[in-house]
Amino acid sequence: MSIEKLYLKAMRFSERNKQYFQMSQQQIADENSILLCFCSRAYCIFLLFYSILTYVLMPNLILVICYAVFGASGVGFLLFSRYFCRKRTVSFPVIQKVCLLFVWTVLAFTISISVFPFPGQPAIFFPLGFMLVSVLFILPFFKMALTLTLAFFIFAILVLLYKMPESASYDLFGGITTLLLGYFFLYVISDLRLRGGEALIRQKVLNRTDALTGLPNRRWASENMPPCYRRCQKMQLPVAAMMVDIDDFKKYNDMLGHPAGDACLKAIGEIILSYSSDLGILSARYGGEEFLFLLGDCCREEALNAAKGLLECVRSRAIPGPDGPVTISIGVAVQLPDSDSSMEHLIEEADAALYHSKRIGKNQFTLLEAD
């Protein structure tokens, strides 16, 4: 494989890492919280067991000090994982930093007991600890690779400074081998986690996307529109909802057939997707031939202009129907939300405005000032 191909592969892997950690923050935070609970408990048990074993079989003051110092840190991680990770939601940046700190703590412990207590003996715990921390948590690949590299150089420097020449040569050779194997296992595990995470992301997108129109579906709307509404409610900003319905769609299906009706829905969905993307507003297929828009920080005039623009887009597309080009009707509701307001009420008002547009002739919009 050429250097250029390796570089491109590394860049693609880096981009996958970046996208995964951007799109799956809550999932990663939850999984790392669980891993931290398990790992901190296992770490404390390991330190307790080996401190007793060391006291009985090979008393060594430096080793006792290492167990005492790092045992205290293990208790700290255990308390954090029990009282914060279990009882409340820890933010993604916080849990990532704590997990990385745990990795460095384990590496520091492993390096300490591998170098200082027995300078004339080869290190037996460094390869084990090094390989273990490379796959403990879900952390960015290149950040972990840098962590492993720095830990190796710290280990190598301390080995050269404090260990006997014969054991130092063994440790350096073993350290280099461990570093290379650590990179390999880190890459393999990271790639497997990425594949699993990407599959979950794809499944999540599919579950929240309408297969026919490509628009977000009602489930997506129920998850992503309320935060926008609550932001406007908190900041006392006007918010608008638009309910859109294809005129005489049942007649369209009855006369031209359901395949033609699906093609019509798909064409309208393309228009709505493009229009909402251009304006930066939220839209979704709400059910059947109905579509919902939510416009945050949108005054009455802006809502009217949005409705007019959408009508014109559909008219200009001139989608053929049984009685001429397909048209839509729109209901618009605008609200300045207070503490008693709700998005559900705003949508109900937009729906009422839509049916008013239907009653007075279709192919138009009606605006209501919601309470």
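If you read the sequence shown in our numbering, its first letter stands for residue 2, the second for the next number, and so on.
We put the beta carbon where it would ideally sit given N, CA and C, even for glycine.
DSSP-derived helix/strand/coil call for residue i
i, result
"S342", "coil"
"V91", "coil"
"M24", "helix"
"T1", "For residue 1 there is no data in the structure shown, the boundaries of the chain being 2 and 372."
"V65", "helix"
"V383", "Only positions 2 to 372 of the chain appear in the structure, and residue 383 is not among them; the question remains open."
"G325", "strand"
"R122", "Checking the sequence, you will find Gln at residue 122 rather than Arg. It is coil, neither helix nor strand."
"S3", "coil"
"F117", "coil"
"I361", "coil"
"I320", "coil"
Identity of the residue in the options nearest residue i by Cα
i, options, result
"Y184", "S358, M132, R203, W105", "M132"
"Q20", "E199, A212, F47", "E199"
"P128", "F138, V107, P141", "V107"
"G297", "P260, K251, M226", "M226"
"I66", "K6, S113, L151", "S113"
"M12", "F143, S115, W105", "F143"
"I329", "E313, I247, I269", "I247"
"H259", "A43, G289, G362, G310", "G289"
"G130", "L180, Q122, Y188", "L180"
"A319", "E167, K251, I272", "I272"
"R232", "R286, I269, C299", "C299"
"A109", "G75, S15, P326", "G75"
"Y188", "L140, T214, A30", "L140"
"T148", "Y171, S135, R203, Q234", "S135"
"V95", "A268, A30, V116, P338", "A30"
"A222", "A157, S170, E291, L159", "E291"
"R42", "V57, L7, S82, I53", "S82"
"S317", "V327, A308, P323", "V327"
"L311", "D172, L369, V245, R203", "V245"
"I155", "I190, F186, S191, V116", "V116"
"K252", "L238, G325, Y56, A212", "G325"
DSSP beta-bridge partners of residue i
i, result
"I331", "V245, F366"
"V240", "G297, Q336"
Proximity test, Cβ basis, 7 angstroms: residue i and chain C
i, result
"I125", "Here chain C cannot be found, since the structure has a single protein chain."
Within the stretch 255-318, ranges of the beta strand (DSSP E) (whole runs, at least 3 residues): 283-288, 291-297
Contact between the stretch 18-36 and the stretch 57-76 (3+ Cβ pairs under 8 angstroms): Cβ pair count under 8 angstroms is below three, so no.
Stretch pair the stretch 195-208 + the stretch 258-277: three plus CB contacts closer than 8 angstroms: no
4-residue-minimum alpha helix (DSSP H) runs that sit fully inside the stretch 136-221, ordered along the chain: 142-163, 166-208
Validate contact between the stretch 54-64 and the stretch 93-106 using beta carbons, cut 8 angstroms, 3 pairs: A contact between stretches requires three or more CB pairs, one per stretch, nearer than 8 angstroms, and the stretch 54-64 fails this requirement with the stretch 93-106.
Cβ pair count under 8 angstroms reaching 3, the stretch 114-123 against the stretch 154-164: yes
Any 3 or more C-beta pairs closer than 8 angstroms across the stretch 325-342 and the stretch 350-365: yes
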